[in-house]
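Engineer: If you're matching positions, the sequence shown starts at 1 in the UniProt record's numbering and goes up one per residue.
Heads up, the beta-carbon is just placed ideally off N, CA and C, and yes, glycines get one too.
As the structure is a computational prediction, the values presented were derived from the model and not from experiment.
Structure provided below as structure tokens; questions to follow.
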Amino acid sequence: MARIELRNLHKAYGSVVAVRDLSITIEDGEFIVFVGPSGCGKTTTLRMIAGFEDPTRGEIRIDGRVVNDLEPRDRGLGMVFQSHALFPHKTVAQNIEFGLRMKKVSADERARRVREVAEMVKVTHLLAKMPAQCSGGESQRVALARTLVTNPSTFLLDEPLSSLDAKLRRELRAECDRLHEVLKRTFIFVTHDQEEAMTLADRIVVMRGGEIEQLGSPMQIYSDPVSHFVADFFGSPSMNLVAGEVFHEGGAPRFRTELFSIRLPASCNAVPAGPATLGIRPENVGVDPQGHGDVVLPVRLVEPLGKDTLLYFDDGTERAFVAVVAGLAAATLEPGAKVGLTLPAEHLFLFGPDGRRLAR
Ligand code: ATP
Numbered sequence: 001m002a003r004i005e006l007r008n009l010h011k012a013y014g015s016v017v018a019v020r021d022l023s024i025t026i027e028d029g030e031f032i033v034f035v036g037p038s039g040c041g042k043t044t045t046l047r048m049i050a051g052f053e054d055p056t057r058g059e060i061r062i063d064g065r066v067v068n069d070l071e072p073r074d075r076g077l078g079m080v081f082q083s084h085a086l087f088p089h090k091t092v093a094q095n096i097e098f099g100l101r102m103k104k105v106s107a108d109e110r111a112r113r114v115r116e117v118a119e120m121v122k123v124t125h126l127l128a129k130m131p132a133q134c135s136g137g138e139s140q141r142v143a144l145a146r147t148l149v150t151n152p153s154t155f156l157l158d159e160p161l162s163s164l165d166a167k168l169r170r171e172l173r174a175e176c177d178r179l180h181e182v183l184k185r186t187f188i189f190v191t192h193d194q195e196e197a198m199t200l201a202d203r204i205v206v207m208r209g210g211e212i213e214q215l216g217s218p219m220q221i222y223s224d225p226v227s228h229f230v231a232d233f234f235g236s237p238s239m240n241l242v243a244g245e246v247f248h249e250g251g252a253p254r255f256r257t258e259l260f261s262i263r264l265p266a267s268c269n270a271v272p273a274g275p276a277t278l279g280i281r282p283e284n285v286g287v288d289p290q291g292h293g294d295v296v297l298p299v300r301l302v303e304p305l306g307k308d309t310l311l312y313f314d315d316g317t318e319r320a321f322v323a324v325v326a327g328l329a330a331a332t333l334e335p336g337a338k339v340g341l342t343l344p345a346e347h348l349f350l351f352g353p354d355g356r357r358l359a360r
């Protein structure tokens, strides 16, 4: 069992508030991912759970017991860091068994457990090597094994994949997923990578400025973002966000910019007239090379990706308006070509001047 409750957890460094009155219950066996931009307080939260950082105030409970005053080693948690921090003068096997030695586990038992976890994360062939002889991905597997061997109730992982290249990241991401399936332990994972959060998490905690901006399943976060910030953070390419204004015509809500004016869904009936930002995901933009649509824009750039083609349009901003079209047919479009774009009402998001979602 490892149910972790954070109650009004707060951490200030002098006048800098790193984590502000954060409350959340992480269920036993849950894979929870804290995600957000640099400086949002993810690492500080994780370090307080681990016991490496004292909260300024607030409570941390593990299975109902307040652990604020417990030493890190007495909390039953295992931490994996971004830098693998292996002992350079010990072999991989000695690195992995280190935690067991500290606990005075017998040599036979140590050897058995090291073999077992080495197999689990596929580093058996590395056991006699020194860390300097291991690649980045191999070192990170060893770091995982070193934590695994201590059999923690909860794994705390601080950007464990961020020093790896894209392919290895995907490989080890799948590995983390598999370990979670097999071990059925609680995983608390910190990352600034939205894709990692989306693929791994049962629930995502989106942090901003030391606070929880949104908490929900990956699907909820993606399809029902509470704010401009969340909408912009998740999805690749990111959501199109266009500044303009809401107005009402004949009782129906509409949105206009200098380039276009479109009807808003009935859910926006009560939204007052005034400045707002319209959002639509690139995969929901309809593309018509014949030039019919809610707005006609010239192509700026075409990116054929194989499975899809990304089309960037000039909308008078730096950022460009993006559409994703399946297949390669759109790849023949030339820069400058005028293309019709449809923005279906059911896929539109609207955000107020304070960044909060209007008409959820
Ligand atoms: P990153 O992804 O860059 O690690 P993060 O979201 O993990 O960012 P934290 O490392 O938790 O963010 O930092 C949150 C805030 O607290 C930042 O403003 C940071 O500068 C500040 N901070 C963190 N540790 C300390 C410290 N030891 N002393 C002073 N300020 C700190």
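Can Thr44 be considered in contact with ligand 1, in the sense that its beta carbon sits closer than 6 Å to one or more heavy atoms?
Structural biologist: In the sequence shown, residue 44 corresponds to position 44, counting from 1. Yes, the beta carbon of Thr44 sits closer than 6 Å to at least one heavy atom of ligand 1.
Engineer: State buried or exposed for Asp354, treating a residue as buried only when at least 16 other CB atoms are found within 10 Å of its CB.
Structural biologist: Stepping through the sequence shown from its first residue, residue 354 is reached at position 354. So Asp354 ends up on the exposed side.
Engineer: Could you please give the first and the last residue of the uninterrupted beta strand (DSSP E) stretch that includes Ser23?
Structural biologist: What you label residue 23 is simply residue 23 of the sequence shown in a count that begins at 1. Taken as a continuous stretch (DSSP letters only), the beta strand (DSSP E) holding Ser23 covers Val16 to Ile26.
Engineer: For Leu185, which three-state DSSP category applies?
Structural biologist: Here residue 185 refers to the residue found at position 185 when the sequence shown is read from its first residue. Checking the displayed sequence, the identity of residue 185 turns out to be Arg instead of Leu. It is coil, neither helix nor strand.
Engineer: Would you mind sorting Val149 into buried or exposed? The rule is 16 or more other CB atoms within 10 Å of its CB.
Structural biologist: Position 149 of the sequence shown, counted from the start, is the residue given in the question as residue 149. Looking at its Cβ environment, which holds 16 or more other Cβ atoms inside 10 Å, Val149 is buried.
Engineer: Write down the C-beta distance between Val205 and Val17 rounded to the nearest angstrom, noting that I regard them as a contact closer than 8 Å.
Structural biologist: Translated into positions along the sequence shown, residue 205 becomes position 205. Translated into positions along the sequence shown, residue 17 becomes position 17. About 17 Å separates the two Cβ atoms, so there is no contact after all.
Engineer: What does DSSP give as the partner residues of Lys11 in its beta bridges?
Structural biologist: As a working mapping, residue 11 is identified with position 11 in the sequence shown. Answer is Val19.
Engineer: Going by DSSP, which residues form a beta bridge with Gln214?
Structural biologist: Taking the first residue of the sequence shown as position 1, residue 214 is located at position 214. Paired residues: Val206.
Engineer: Taking Ser38 and His192 to be in contact with their CB atoms under 8 Å, please state how far apart those CB atoms are, rounded to whole angstroms.
Structural biologist: By 1-based counting over the sequence shown, the position of residue 38 is 38. By 1-based counting over the sequence shown, the position of residue 192 is 192. Yes, they are in contact, since the Cβ atoms of Ser38 and His192 sit about 6 Å apart, within 8 Å.
Engineer: Between the C-alpha atoms of Thr309 and Arg281, what's the straight-line distance to the nearest angstrom?
Structural biologist: Position 309 of the sequence shown, counted from the first residue, corresponds to residue 309. Position 281 of the sequence shown, counted from the first residue, corresponds to residue 281. Rounded to whole angstroms, Thr309 to Arg281 spans 15 Å at the Cα level.
Engineer: Mapping the DSSP letters down to three states, classify Arg319 as helix, strand or coil.
Structural biologist: Numbered from its first residue, the sequence shown carries residue 319 at position 319. Note: Arg319 maps to coil in three-state DSSP.
Engineer: Taking 6 Å as the cut-off, is the C-beta of Ala12 nearer than that to any heavy atom in ligand 1?
Structural biologist: Here residue 12 refers to the residue found at position 12 when the sequence shown is read from its first residue. Because no heavy atom of ligand 1 lies under 6 Å away, the Cβ of Ala12 does not count as near it: no.
Engineer: Would a C-beta distance cut-off of 7 Å place Leu157 and Gly137 closer than the cut-off?
Structural biologist: Translated into the one-based positions of the sequence shown, residue 157 becomes position 157. Translated into the one-based positions of the sequence shown, residue 137 becomes position 137. No, they are not a contact pair.
Engineer: Helix, strand or coil for His248, going by three-state DSSP, please let me know.
Structural biologist: Start at 1 with the first residue of the sequence shown, and residue 248 comes out as number 248. Here His248 sits in strand by DSSP.
Engineer: Do three or more CB pairs link the stretch 160–175 to the stretch 137–146 at distances below 8 Å?
Structural biologist: yes
Engineer: Hey, how far is the Cα of Ala50 from the Cα of Phe81?
Structural biologist: In the sequence shown, the residue the question calls residue 50 occupies position 50. In the sequence shown, the residue the question calls residue 81 occupies position 81. Computed Cα separation, rounded: 12 Å.
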